[in-house]
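In full-length UniProt numbering, the protein residues as written are 1 to 235.
Yeah, the Cβ is synthetic: ideal placement off N, Cα and C, and Gly gets one too.
Model, not experiment: these values are computed from the prediction.
Reading through the structure tokens given below for one structure.
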């Protein structure tokens, strides 16, 4: 199994990719040196997320570049567990020369129930135009001097996107990309034709336990008392 495969044909493969994305972006594991780094998603933001969308995307092209990728969406349930995973895909266009193809892993943190519902109800959603998405603030336990200037310019958006590519992790905008569910992959995994909304009502499957366990590890980390807490700025 290759976590850099941008097109997964099973939800099981997407679950394995999502688990690795959590390790890189939420637990702060650096695949290049094999230890932890502080350049991770702020735990405060992760604790208050209403949904998480994991994507692995390939970009290629010359003057005009295209991107396509696959992944999954999980939503936070009323009992604070994560929902059954819903298979997703993305595509988009951009400008600028690329030397060959570039593979990146994304995590989109959804901050409201409305943002989650927009991905579940619509046939496709364009990030930026239909769902506001912004570059996410960095620092698992970043203090004010580490997170600057984000701390002073940070404002509320429906979603925040992060990217991990070539060993580098950063907050990256996904504006212009289109997101949609993959009904054929969901049907294969759940054994029947099923809508994205119906997936949310399914019992969390045992096959997704590695993802749930890794998310629990991320949530269990201590937040330093002087940490950058972006969610405190929502009020």
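By the CB criterion at 8 Å, residue 59 and residue 75 fall outside the cutoff. Separation of residue 186 and residue 11 (C-alpha to C-alpha, rounded to the nearest whole angstrom) is 7 Å. If you check the CB distance, residue 27 and residue 218 come in under 8 Å.
With contacts defined by Cβ atoms closer than 8 Å, residue 165 and residue 87 do not form a contacting pair. By the Cβ-count criterion, residue 93 is exposed, with fewer than 16 other Cβ atoms from all chains shown falling within 10 Å of its own Cβ. Annotation for residue 103: the continuous beta strand (DSSP E) segment containing it runs 102-110. For residue 180, the enclosing beta strand (DSSP E) has its first and last residue at 178-181. The beta carbon of residue 18 sits closer than 6 Å to the beta carbons of 54, 72, 211 from its chain, once the five residues preceding and following it are set aside; these are given in chain order. If only complete runs of 3 or more residues are kept, the segment 44-87 shows the beta strand (DSSP E) at 51-61, 64-75, in order along the chain. Under a 10 Å Cβ-count criterion, residue 69 is classified as buried, with 16 or more other Cβ atoms of the shown protein chains found around its own Cβ. With at least 16 other beta carbons inside 10 angstroms of its own, residue 8 counts as buried.
Cα atoms of residue 195 and residue 201: separation of roughly 10 Å, rounded to the nearest angstrom. Under a 10 Å Cβ-count criterion, residue 20 is classified as buried, with 16 or more other Cβ atoms of the shown protein chains found around its own Cβ.
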